[in-house]
Amino acid sequence: MKIGLYFGTFNPIHIGHMAIANYMVEFTGIRQLWFIVSPQNPFKEEKSLLKDYHRLEMVNLAIEGDDRFRASGIEFKLPRPSYTINTLVYLHDAHPDHEFYLLMGSDNLKHFHKWKNADLILENNHILVYPRPGEQPQPAAPPHPHIHIVEAPLMEISASFIRQAIADGKNVSYFIPPKVWEYLQEMNFYRNL
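Numbering of the sequence shown is given in our numbering, commencing with residue 1474 and proceeding in unit increments.
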């Protein structure tokens, strides 16, 4: 089975994530998409990052009842900082019958060569590259048969915008799946940044 892997901190998950995930399942040939909730991105600071279980719970709330999607906390069990190659090796061992497709924003593609074991990732997996604001997706030079540029909708919403808006007392309920918004309100998350 072709499985899309959507890595992220999902701090919080929002409608931009959901729109991209929906597009990938409906228009690229992958059968299912797994949201891989990352405990720590080696390239990002951790100061405003909610606890792992809260972010995993928000993903579960966002995808509830939709069997095209799955939430995974697999990286919580792996060594930190979390590196994509470690997660992929684990997933290939656990699911040898699946073919994995990484979702990647065009902003990440230009830095992909800096990732740990980037060549090995590319050799054993496909990458679906979706557009990000202000970035032109550039295929690898020379083009690689495992990199696929996807004409997904351009999403200009970001989790940092949402966190700041909540801290500023703004109602951004339409930017977040309803059950996730309820959870954020109940837990008083992001009110003090």
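Just so it is clear, CB atoms sit at the ideal spot from N, CA and C, and this is done for glycine as well.
Ranked by Cα distance from Ile1600, the options His1586, Glu1537 and Phe1573 are led by Phe1573. Closest in alpha carbon position to His1565, among His1527, Ile1547 and Arg1664, is Ile1547.
When only Cα atoms are considered, Ser1521 and Ala1638 end up about 14 Å apart.
Residue state for Ser1631 is assigned as coil, using DSSP reduced to three classes. Looking from the CA of Tyr1603, the closest CA among Ala1492, Gln1505 and Ile1476 belongs to Ala1492. If you draw a straight line from the Cα of Leu1534 to the Cα of Leu1593, it comes to about 34 Å. Taking the CA atoms as reference points, Thr1501 sits about 19 Å from Pro1616. Taking each of Ile1558, His1621, Arg1553 and Ala1567 in turn and checking the Cα distance to Leu1582, the smallest one comes out for His1621.
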